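Take a look at the structure set out below.
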Amino acid sequence: MLHGRDVERARLAALVDGARQGRAGTLALHGDPGTGKTALLDDLAETCHGVTLLRTQGIESESPLAFASLHRLLRPLLSRLSRIPPPQARALGVAFGRQDGDPVDPFLVAVATLSLVTEAAEHQPVLAMVDDAHWLDAASADAMLFTARRLDADRVVLLFSVRDGPGTTFPHPGVPSLLVGELDETSARAVVEDHTGAGPTDAMASDRVLRQAGGNALALVELSAALTLDQLHGAEPAPTPLPMTAAMERVFLDRARRLPEPVQRLLLIVAADDSGRVATVRRAAEILAIPDRALADSEASGLMVREGDSLRVRHPLVRSALYQAASPSVRRDVHRALAAALEGVGEPDRQVWHAAFGADGPDAGLAARLDSAGGRSERRGGHVSAADLFERAAELSPDPDLRAERRLSAARSAWAAGQTTRARSLATAARIEADDPVLLADVDRLRGRIEVNVGSAAAAHRIFVSAAVAAADAAPGRALDLAVAAAGLAAYGGDSELRLDPSVALRSRHGPDEPRTQTLHDLLLAMTAASQHAWPEAVERLRSAAQNRTDADPDLLAHLGQAAVHLGDDATAAQAFAAMLDTGRQRGAGMTVLYALPRQAFPLFLSGQWSAVGRSSAEAHRLSTSVDQRAPSATPLAWLVLLQALRGEDGAPEVRAELDDVVEHHPLGILAAPTADLIRWADGARAGQTGATDVALHHVAQMRVPALTRMAAIDRITAAVHADQPEQATAWLDELVPFAEGTRWPWALGAVEHARALLSPQARAPEHFELSLTHYTNAARPFDLARTHLAYGQYLRRAQHRVDARLHLRRALANFEDLRAAPLSAVAARELRAAGETARTRDVSTLVQLTPMELQVAQLVSQGMSNKEVAAHCWVSPRTVAFHLRNCFAKTGVSSRGELAQLSLA
782 MLHGRDVERA
792 RLAALVDGAR
802 QGRAGTLALH
812 GDPGTGKTAL
822 LDDLAETCHG
832 VTLLRTQGIE
842 SESPLAFASL
852 HRLLRPLLSR
862 LSRIPPPQAR
872 ALGVAFGRQD
882 GDPVDPFLVA
892 VATLSLVTEA
902 AEHQPVLAMV
912 DDAHWLDAAS
922 ADAMLFTARR
932 LDADRVVLLF
942 SVRDGPGTTF
952 PHPGVPSLLV
962 GELDETSARA
972 VVEDHTGAGP
982 TDAMASDRVL
992 RQAGGNALAL
1002 VELSAALTLD
1012 QLHGAEPAPT
1022 PLPMTAAMER
1032 VFLDRARRLP
1042 EPVQRLLLIV
1052 AADDSGRVAT
1062 VRRAAEILAI
1072 PDRALADSEA
1082 SGLMVREGDS
1092 LRVRHPLVRS
1102 ALYQAASPSV
1112 RRDVHRALAA
1122 ALEGVGEPDR
1132 QVWHAAFGAD
1142 GPDAGLAARL
1152 DSAGGRSERR
1162 GGHVSAADLF
1172 ERAAELSPDP
1182 DLRAERRLSA
1192 ARSAWAAGQT
1202 TRARSLATAA
1212 RIEADDPVLL
1222 ADVDRLRGRI
1232 EVNVGSAAAA
1242 HRIFVSAAVA
1252 AADAAPGRAL
1262 DLAVAAAGLA
1272 AYGGDSELRL
1282 DPSVALRSRH
1292 GPDEPRTQTL
1302 HDLLLAMTAA
1312 SQHAWPEAVE
1322 RLRSAAQNRT
1332 DADPDLLAHL
1342 GQAAVHLGDD
1352 ATAAQAFAAM
1362 LDTGRQRGAG
1372 MTVLYALPRQ
1382 AFPLFLSGQW
1392 SAVGRSSAEA
1402 HRLSTSVDQR
1412 APSATPLAWL
1422 VLLQALRGED
1432 GAPEVRAELD
1442 DVVEHHPLGI
1452 LAAPTADLIR
1462 WADGARAGQT
1472 GATDVALHHV
1482 AQMRVPALTR
1492 MAAIDRITAA
1502 VHADQPEQAT
1512 AWLDELVPFA
1522 EGTRWPWALG
1532 AVEHARALLS
1542 PQARAPEHFE
1552 LSLTHYTNAA
1562 RPFDLARTHL
1572 AYGQYLRRAQ
1582 HRVDARLHLR
1592 RALANFEDLR
1602 AAPLSAVAAR
1612 ELRAAGETAR
1622 TRDVSTLVQL
1632 TPMELQVAQL
1642 VSQGMSNKEV
1652 AAHCWVSPRT
1662 VAFHLRNCFA
1672 KTGVSSRGEL
1682 AQLSLA
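Each residue of the sequence shown is one higher than the one before, counting from 782 in our numbering.
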């Protein structure tokens, strides 16, 4: 019976009731060791009926084994794998070692976990419990937390128990928590009475226990049993009080030390074992010459629990007490015995990890086995486990070259797992030991990539340039790749001023991957030409690179897309990032999708697809939240802030607050400069709308990334003109002219003529406006076209050409309304009225009411996708899709998919 936990039990019961009604619930129970978190989960499991119960536990010694805990959780559902999308089913099969296959992305394993759990919930509510979550292997923890954050209108409850205290962390942003504290005195006395037989009048016995245990439930139970009658009644002193964890470990250790030596050693095997199988423990005991009767004696001690063919220690504190008290040599003996016991049972990774724990010096053979295990873990998507295995392999490698190679493998896996500091440290160690020029190039590629994402872009540029020069002779292919990366960085604010002669990286254009090499070759020449302002050559080389691209290579698509944005080629940028996004979705590569979404926003924004920018940015933000990566959310949030500014929306100040927090507290790497420029653009737009012309100019004048300053050319030059700073406007125009004349992009030529119209004598303004409109008509940049119509209409009205002005003002108003650019729509409408015509505004309120997720669902359904197909595309459950679709029907006033398809959802 649970005493004093009515509030906690009611909270858990409410979550289950909500799930039965289609509202998913998640909760992390946390508290000190022994406060009763597991007891609450046990109680809920016993009292809940009509649910599918899934349960697993984090095990400290199992933490290097990728997806071990997730496998236990999902084992009852594996017969349903055929009911989820095949790529997801394959990902789980590979992750759990049930099948061989190509490497899987851990994100796809997480998506598959969500799909499998929510599919089971379609038949019966699912209650999933994860005990000791602080000891989960990292791969399992990531998949479970992703699932928890993506649950929505699903009949699922996912619960975690987490021990508070040093050395036990389980960050769970997005999952609410409930503190399980100490019991009140009345409840604590009731526990003591239950376990000592002391009646309500036997206050002395209860007081002695309470003084030692306080309100800690486990301590109340164990001390009630551990104290002698004389200690309970004061005839003998009770033990000196200790901190609760240490006190309980001492209680358990004292109990163990009173047992015979063979029983103690068998308990240590159970504490060190992570399989929980009776057969494994028996074999290890035989190897250590422990008699058979020790197993029954261990169970009789109460420190070990046997459930069918499984064994476990009674409480995690039993495990820590036994394991930490054993000498290093005894622990090594036990791990070696467990490794031998696992020989031939089909668990090579578990076996080699025990062997590694048992090693006491370099061992080339064992290092090779650990390296192979690391490769298997990497293919399964268990990057943290792979890093542990590779790092231990390096430690046991007597050969320095192999040691460096394995440290690099560990660094790559640590980086893939988001362990930035560890990855940096391992890469640095690998570089110190490496001698081979090819290996050095690979090490520097990783070091540069780390700096690009979370460090200094200029430092990354310096690393890439130096590495490209060093690798040119021995590894020309790698040198070319490094040189292209350096050129891309220089274009986006990461120039270290270290120069690279492109001929150094172009010595060899031939190899087994000719199309890729040719594309990289063209990209390097394009970016080199751009850095020299040789714009015609840059554009020509970019077009050649685009023709030779391969959509199966996300890295190449990223290089191509970034070069296209820098050079103003909207079509190529859109194609590259769309292909990258499609590839990422097909492979279930979440980080590829997260990379592509905010970058795809550039061509989408320029082409007037502002709603798509909002959807992409909102999806990227949701995805970054789901995988608990805050830094990649900065640019999507900046896009949302810019859209809100241009649309005059003030309804979501929390978006800007979150953006400011991310920028302040998280390193953004190469995205720092573009994100800052988007923010400056947004701030300038808002200031301009209020007539604060000097403030508007101040903000846009701080924009630094050339691609962004060219995108915002009309805004910047207009701000300078309105702030009566024609010299600044002329300087920016002079910067743009060579680019426009060299690239011949219609949008750039249109911007030049627009600026000239603003700066020319009044008599020549119409000529430049007309030329600007001619160029913009072929540019596919509707916002800039509308800005030019507005500026020309304003000029004509003030010149008393009111009839001519109306034509341009009408067109400007129509475009602004399509984009929902309310502030400029108001300006155009006001100018139109001043020109003698009443503006008719269109009602777009229905679409405004849809959330980004609802709009995305509506558009995909309108394309003919089923709920399951939409769910697979958006990485949510079909029930969640149905929930959002019902909201779409209610808000738009339609009642069928066919009617929804007839709406304009652009």
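Where is the CB? At the ideal position from N, CA and C, for every residue including glycine. This one's a predicted model, so the numbers in the text were calculated from it and none came from an experiment.
For Q1299, the enclosing alpha helix (DSSP H) begins and ends at 1295–1312. Distance check between F1383 and each of R1491, G1365, D1282, V1436 places R1491 closest, using alpha-carbon atoms only. Selection L959, V907, V885 evaluated against D813 yields L959 as nearest (Cα-Cα).
In terms of Cα proximity to H1242, the closest of A1260, L1279, A1256, A1354 is L1279. H811: member of the beta strand (DSSP E) spanning 806–812, first to last residue. The beta carbon of W1513 is closer than 6 angstroms to those of R1497, I1498 in its chain, skipping five residues each way along the sequence.
By the criterion of a C-beta distance shorter than 7 angstroms, L1449 is surrounded in its chain by A1412, A1415, T1456, once the five residues flanking it on both sides are discounted.
Around the Cβ of I1213, a 10 Å sphere holds fewer than 16 other Cβ atoms; the residue is exposed.
Assignment of beta-bridge partners to E1088 by DSSP yields S1091.
Taking C-beta atoms under 8 angstroms as the contact rule, R1259 and A1222 qualify, at a distance of about 4 angstroms. Around the C-beta of Q1328, fewer than 16 other C-beta atoms lie within 10 Å, and the residue is accordingly described as exposed. Beyond the five residues adjoining it in sequence on each side, E1650 comes within less than 8 angstroms, by CB distance, of L1641 in the same chain, given in chain order.
Membership of L1666 in the alpha helix (DSSP H) is indicated by the continuous run 1659–1673. The beta carbon of A1154 lies closer than 6 angstroms to those of D1130, V1133, L1170 in the same chain, with the five residues before and after it left out.
The three-state secondary structure of V1486, taken from DSSP, is coil.
Under the three-state reduction of DSSP output, T833 falls in the strand class.
R944 carries a strand assignment under DSSP once its states are collapsed to helix, strand and coil.
In the assembly as shown, M782 is an exposed residue. Its beta-carbon has fewer than 16 other beta-carbons within 10 Å.
Between the beta-carbon of Q869 and that of G1369 there is about 7 angstroms, and that keeps the pair under the 8 angstroms contact cut. Taking 8 angstroms as the upper bound for CB-CB distance, G1465 and A1510 are not in contact here, some 14 angstroms apart. The Cβ atoms of R1578 and A1616 sit closer than 7 angstroms to each other. Taking a 10 Å sphere around the C-beta of D1035, we find fewer than 16 other C-beta atoms and assign the residue as exposed.
Rounded to the nearest whole angstrom, the CA to CA distance from A847 to G878 is 10 angstroms.
For the pair of segments examined, the region 1415–1427 was found not to touch the region 1196–1204: the number of CB pairs separated by less than 8 angstroms stays below three.
A straight-line Cα-Cα distance of about 33 angstroms links Q1045 and V1165.
Inter-residue distance for R1039 and I865 is about 53 angstroms (C-alpha atoms, whole angstroms). L1571 and L1605 do touch by the CB rule: their CB atoms are close to 7 angstroms apart, below 8 angstroms.
Nearest to V1346 by alpha-carbon distance, out of A1377, D1334, R1366, is A1377. In the three-state reduction of the DSSP assignment, Q1581 falls in the coil class, being assigned neither a helical nor a strand state. Residue ranges of uninterrupted beta strand (DSSP E) with 3 or more members are absent from the region 1468–1547; none lies entirely inside it.
Under DSSP, Q838 forms a beta bridge with D912. Close CB contacts of D1334 within its chain, under the 7 angstroms cut and outside five residues either way in sequence, are with R1297 (chain order). In its chain, beyond the 5 residues on either side, F1171, A1174, R1187 have a beta carbon closer than 7 angstroms to the beta carbon of D1152.
In terms of Cα proximity to R1322, the closest of T1331, L1341, D1336 is L1341. Between the alpha carbons of Q1575 and A1538 lies a distance of about 12 angstroms. With contacts defined as CB atoms closer than 7 angstroms, L1301 and L1270 fail to qualify as a contacting pair.
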